[in-house]
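Asks:
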Amino acid sequence: MRIVDVCEVTKPISSPIRNAYIDFSKMTASLVAVVTDVERDGRRVVGYGFNSNGRYGQGGLIRERFRDRILQADPQGVLDETGDNLCPHKLWAAMMANEKPGGHGERSVAVGTLDMAIWDATAKIAGKPLFRLLAERKGRTADPRVFVYAAGGYYYPGKDDGALRAEMRGYLDRGYTVVKMKIGGAPIDEDRRRIEAVLEEIGSQAQLAVDANGRFDLETGIAYARMLRQYPLFWYEEVGDPLDYALQAALSEFYPGPMATGENLFSHQDARNLLRYGGMRPDRDWLQFDCALSYGLVEYLRTLDVLQQFGWSPSRCIPHGGHQMSLNIAAGLGLGGNESYPDLFQPYGGFPDGVRVEGGYITMPELPGIGFEGKSDLIKVMRDLAE
Ligand SMILES: O=C([O-])CC(=O)C(=O)O
Ligand SMILES: [Mg+2]
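Residue numbers (my numbering): 92 to 478.
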């Protein structure tokens, strides 16, 4: 068996929304297919992947470097020990041949996208849901029930507090128990007003998380901490620059509640620096590393090893990105849950058709691979690429 082709297309996922740092008017994502010569149920096995929102499509890197390294690797040399399936770890090493360490930049996005497709193909060849395969390999029991929260609350032209409240009400009506909104894209008094409007809307039915998208310097981060700590928030997210670990550490003196960060750390080495120097508290804080932006699941497994070394439970991870890959990791390896964008970044985000949020949890269906075949709008664009 072998990989016979790797395809990439860069697709728009644009919308008029804005967070404290960027707008999404020109946002794109890479969609990739890893085509094998294996057949299952009368159909050629093709693995699919895509990168999460927030970083742009990686067609250049994928087509100029990583695709060729996969296709030029010795086909026998990238199989697992049985010889009957792909080995995602060996394929990862093939992709990263002749790459220097450090300076992770956005090649981690290109590799993460391909790694998703390789795991999808691997689990399909094994004939199981990825979360079951992962749990088996780790010798644990999978839990198909996964906590999810609704991310939104963006700045949007003409959006007033009424529209923000209606958006949050819509998430509660769909079964979510935690909702998230953006802060830091308006003056602090305006953000306070928005937060109070949402808190009034959700009452005791749900909790609110707020996300500053790395916008604040230490002084502003502290000013917001003083304001925010009066409210019972689920978390205060990505306060300052993602690589400013000293800022993150200083904040914990001013903010006793839970904080979250990590969506813009793209390697296990960066994750380790966050745990070494960021003052994160394993009893209450949350880690949001997103494998689709950070060299994929092969690297995420290394990140989970780092967590263990530092005494962190995988249940403190709730990844960024809202994709089914992280849902599988959560169900298979015991993460604390996953992000979800109920109204954004379609068709890539979300759940297989028919999956409903109940009391803040979804239940994973038993679909081979990552489960893209169960989401009709998504599998349609995927098959247009490679089948
Ligand atoms: O607005 C974004 O870039 C997405 C984000 O931070 C999140 O989902 O936490
Ligand atoms: Mg965020």
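Virtual Cβ for every residue (Gly too), placed ideally from N, Cα, C.
At a threshold of 7 Å, does residue 110 count as lining ligand 1 (C-beta to nearest heavy atom)?
Replies: yes
Asks: Report the start-end ranges of each beta strand (DSSP E) in the region 408 to 477 that is 3 residues or longer and not cut off at the edges.
Replies: 429 to 431 and 452 to 454
Asks: Mapping the DSSP letters down to three states, classify residue 320 as helix, strand or coil.
Replies: Residue 320 falls in the coil class under three-state DSSP.
Asks: Look at residue 420 and residue 225 and say whether their C-beta atoms are less than 8 Å apart.
Replies: yes
Asks: Considering only their Cβ atoms, is the gap separating residue 463 from residue 211 smaller than 8 Å?
Replies: The answer is yes: Cβ separation under 8 Å.
Asks: Could you tell me how far apart the beta carbons of residue 182 and residue 216 are, in whole angstroms, since I believe they sit closer than 8 Å?
Replies: Between residue 216 and residue 182 the Cβ distance is about 13 Å, and since that is not below 8 Å, they are no contact.
Asks: Pairing CB atoms from the region 252 to 259 with CB atoms from the region 111 to 129, are three or more of them under 8 Å?
Replies: No, because fewer than three Cβ pairs between the region 252 to 259 and the region 111 to 129 fall closer than 8 Å, the two stretches do not touch.
Asks: Which partner residues does residue 351 have in the DSSP bridge list?
Replies: 328 and 377
Asks: Under 8 Å, do residue 351 and residue 370 count as touching if we go by C-beta distance?
Replies: no
Asks: Where does residue 370 fall in DSSP's three states?
Replies: Three-state DSSP puts residue 370 in coil, outside helix and strand.
Asks: According to DSSP, simplified to helix, strand and coil, what is residue 264?
Replies: helix
Asks: Residues in the same chain with beta-carbon distance under 6 Å from residue 171, minus the five sequence neighbours each way, listed in chain order, please.
Replies: 178
Asks: Using the DSSP secondary-structure output, state which residues sit across from residue 138 in a beta bridge.
Replies: 125
Asks: With hydrogens ignored, establish whether the beta-carbon of residue 411 is closer than 7 Å to any heavy atom of ligand 2.
Replies: yes
Asks: When the Cα atoms are used, what is the spatial distance from residue 336 to residue 416?
Replies: Cα-Cα distance, rounded: 28 Å.
Asks: If I measure Cβ to Cβ from residue 324 and keep anything under 8 Å in the same chain, skipping five residues before and after, which residues do I get?
Replies: 298, 299, 300, 301, 348 and 349
Asks: Write down the C-beta distance between residue 428 and residue 409 rounded to the nearest angstrom, noting that I regard them as a contact closer than 8 Å.
Replies: 5 Å
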